[in-house]
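Encoded as structure tokens, the structure appears first; notes follow it.
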Amino acid sequence: MAKSAKIPADIAALSFEDALKELEKIVTELEQGKVELEKSIEIYERGTALKAHCESKLKDAQARIDKIVVDADGTVSAEPSDLG
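To convert, note that position 72 of the sequence shown is 132 in my numbering; the numbers rise steadily by one, no gaps.
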């Protein structure tokens with residue numbers, strides 16, 4: 061899946077944890093080698109979209125963490141995030 065490809069709406073609606081769980085299931089199925097070729101291709105493509113979604117969620121989380129500010133006196137505060 062190219063970076064410019066859009067993540068399907070059903071995947072975009074998943075939480076990070078749910079997407080990761082589904083991705084792990086796909087990896088297990090593919091590793092077992094018991095899936096027919098066409099189904100393997102189909103779930104591989106879905107896995108690629110799930111991976112992109114997880115990476116996006118992690119990037120957003122990192123951006124939010126990066127907004128945390130430590131004041132000169134050691135007080136930790138968080139700036140409002142514009143990530144939605």
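Don't be surprised by glycine CBs; every beta carbon is placed ideally from N, CA and C.
8 Å is my cut-off, CB to CB: does residue i come that close to chain C?
i, result
"residue 77", "In the structure shown, chain C cannot be found, because there is only a single protein chain."
So, residue i versus residue j, is the Cβ gap smaller than 8 Å?
i, j, result
"residue 136", "residue 125", "no"
"residue 107", "residue 83", "yes"
"residue 72", "residue 113", "yes"
Along the chain, where does the alpha helix (DSSP H) containing residue i start, and where does it finish?
i, result
"residue 78", "76 to 92"
"residue 70", "69 to 72"
For the candidate residues the options, whose alpha-carbon lies nearest to that of residue i?
i, options, result
"residue 89", "77, 103, 114, 78", "103"
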